[in-house]
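In the numbering used here, the protein residues as written are 6 to 395. Ideal Cβ positions, reconstructed from N, Cα and C, are used throughout, including at glycine.
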Amino acid sequence: MHRRQLLLRAAALGTAAAPALLTAGPARADQRPGSAPGPAARLPAREEITEALTRAADHWISAHTDPGDNQWARATFFSGLLALHRATGRRRHLEYARAWAEKHGYALHNGVTTRHADDHNAGQAYLDLYEAEGRRDETKIAAIEESLHRMAFTDRPEKNDDWWWDDALHMAMPPFARLSVVRGEPGYAAKLHALYAHTRDAEGGPGLLDDATGLWYRDDRFLPGGIVSPGGRPVLWSRGNGWVAAGLVKTLDALPAGAPHTAGYRRTLVRLLARVRGVQRADGFWNVNLADAAHLPGPETSGTAFFTYGLAHAVRTGLVPARGFLPAAARGWHALADTALHADGFLGYVQGVGDRPESSQPVTAETTADFGVGGFLLAGTELLKLRGRG
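Shown next, in the form of structure tokens:
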């Protein structure tokens, strides 16, 4: 493959959001992660964000004339692409997403009897298309609705241990939440919480949430007494925690503010974001192991994208103070847009499919994946919302 040149450009100052935050002094080369912001803590203008997002989306579409399967990785790309369509209205993005969904007949991988969260991820994009086209075609959401209805009401509704890994919270929490609102059926939201609570508090014994840090173990193999880093420290995988953050953001976006359990979701998200803010690298990225900076250190795009998405959402919705958290979101964005994104729209430094820091190594400027591009699109469109239309 011809070696791509990284896009190098100066960060443009924005004018519409939180101007008091855009005046920080320069960062030192030896600045520790999470310390005082430098120039990269300034948000760029809305037009610059939109250009970067469109470049990344159009590159992926041009390189993949076949839109791909309906499994979790490609579905995450389409979640991001449809978020970009909502922000910009570009018809090419909607048509590409519709062609993908129609190719699969709006069906789920493994069919409607599946209980696996990965299979439910496509339902997010199907719900997006259903909403984008005026809720007129019920066939678009028939499969995701039947599958979740089975879990909530007819197929062992007392069984709540299906989400045994933290990625599942992104894959399946949002469709449960959205169907609850679309159908006015609180049973979907109640089932969502029962599944989530098991993952948080009971999976593997203590649950996957680490009470001491607010971060999440990927699955029970990494709980205390299990797998550790080569340096003997815990393994708290960056992208796994990014999946949790993204799942909570999408769930909170879907449910009414006063719905049952939303206050708890907000607290959990805020605590996670506060912790990751403190271990952000000086260059704006996050390492693959949040608990051990020496464990395969280096830029990584997918975790960084989901944390940037979560931080931008939390600032926009007032869950966290802008002064403390917007600089971290801005540094994350600049890492993604100025270093990971190539001039032609290729998005690098994405750790491939896996379940831990060692997966799909090495991570380089030439490694990418569909879900990483989707995370980038989600992060940038959330920043567009924060920026407003000015």
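{"Check": "Delimiting residues of the alpha helix (DSSP H) encompassing F381", "Outcome": "375 to 392"}
{"Check": "Selected residue, minimal CA-CA separation from R280, among G94, G247, D63", "Outcome": "G247"}
{"Check": "Option in D225, L389, A264, L382 with minimal Cα separation from H98", "Outcome": "L382"}
{"Check": "Reduced DSSP secondary structure (H/G/I, E/B, other) of V293", "Outcome": "coil"}
{"Check": "Unbroken alpha helix (DSSP H) run spanning F330, endpoints", "Outcome": "327 to 340"}
{"Check": "Stretch pair the region 309 to 322 + the region 275 to 294: three plus CB contacts closer than 8 Å", "Outcome": "yes"}
{"Check": "Contacts around L220, its chain only, beta-carbon distance under 7 Å, and the 5 residues preceding and following it disregarded", "Outcome": "L241, N246, L277, R280, L295"}
{"Check": "Rounded straight-line distance, which links the Cα of A127 to that of G73", "Outcome": "12 Å"}
{"Check": "Nearest-angstrom Cα separation, counted from A384 out to S84", "Outcome": "11 Å"}
{"Check": "Runs of alpha helix (DSSP H) wholly within the region 161 to 241 (minimum 4 residues, chain order)", "Outcome": "173 to 188, 191 to 206"}
{"Check": "Beta-carbon contacts of T273 that lie in its chain and below 7 Å, excluding the five residues immediately before and after", "Outcome": "L253"}
{"Check": "Entirely enclosed alpha helix (DSSP H) segments - the region 32 to 105, minimum 4 residues", "Outcome": "51 to 68, 77 to 93"}
{"Check": "Whole-angstrom distance between R140 and A61, CA atom to CA atom", "Outcome": "29 Å"}
{"Check": "C-beta contact flag for L113 and A157 at 8 Å", "Outcome": "no"}
{"Check": "Near the ligand SAM: A57 beta-carbon under 7 Å from a heavy atom", "Outcome": "Annotation note on the ligand SAM: not contained in the displayed structure, which lists no ligands."}
{"Check": "Contact set for P261: own chain, Cβ-Cβ below 8 Å, skip 5 residues either direction", "Outcome": "V186, T267"}
{"Check": "Beta bridge counterpart(s) of L153 as assigned by DSSP", "Outcome": "Answer is none; L153 lacks a bridge partner."}
{"Check": "Other residues of its chain near L197: CB distance less than 7 Å, five sequence neighbours each side excluded", "Outcome": "M178, F181, A182"}
{"Check": "Euclidean distance between Cα positions of A57 and A342", "Outcome": "7 Å"}
{"Check": "Residues bridged to L352 [DSSP beta-bridge criterion]", "Outcome": "L346"}
{"Check": "CA nearest to the CA of A348, picked from N75, E305, A370", "Outcome": "A370"}
{"Check": "Beta-carbon proximity of A335 to R47, cut-off 8 Å", "Outcome": "yes"}
{"Check": "Residues near H300 by beta carbon distance below 6 Å, same chain, minus five either side", "Outcome": "S234, N294, P362"}
{"Check": "Beta-carbon gap between H203 and W168 smaller than 8 Å", "Outcome": "yes"}
{"Check": "Spatial distance of A29 from A80 (CA atoms)", "Outcome": "Only weak support exists for where A29 lies, its pLDDT of 24 falling under 50; the value from the coordinates is given anyway. Between A29 and A80, the C-alpha separation is close to 38 Å."}
{"Check": "Residue interval of the alpha helix (DSSP H) (run including H283)", "Outcome": "A small fix is needed here, since residue 283 is Gly in this sequence, not His. First-last of the alpha helix (DSSP H) with G283: 267 to 283."}
{"Check": "Selection from D297, I146, N115, H90 that minimises the alpha carbon distance to A106", "Outcome": "I146"}
{"Check": "Reduced DSSP secondary structure (H/G/I, E/B, other) of D288", "Outcome": "coil"}
{"Check": "Length of the line joining the Cα atoms of R226 and N75", "Outcome": "28 Å"}
{"Check": "Outcome for T207 when other beta-carbon atoms lying within 10 angstroms are tallied against a minimum of 16", "Outcome": "Here residue 207 is Ala; the residue named in the question, Thr, does not match the sequence. It counts as exposed."}
{"Check": "Alpha carbon of K164 to alpha carbon of G269, nearest angstrom", "Outcome": "22 Å"}
{"Check": "Where S364 falls: helix, strand or coil (DSSP)", "Outcome": "coil"}
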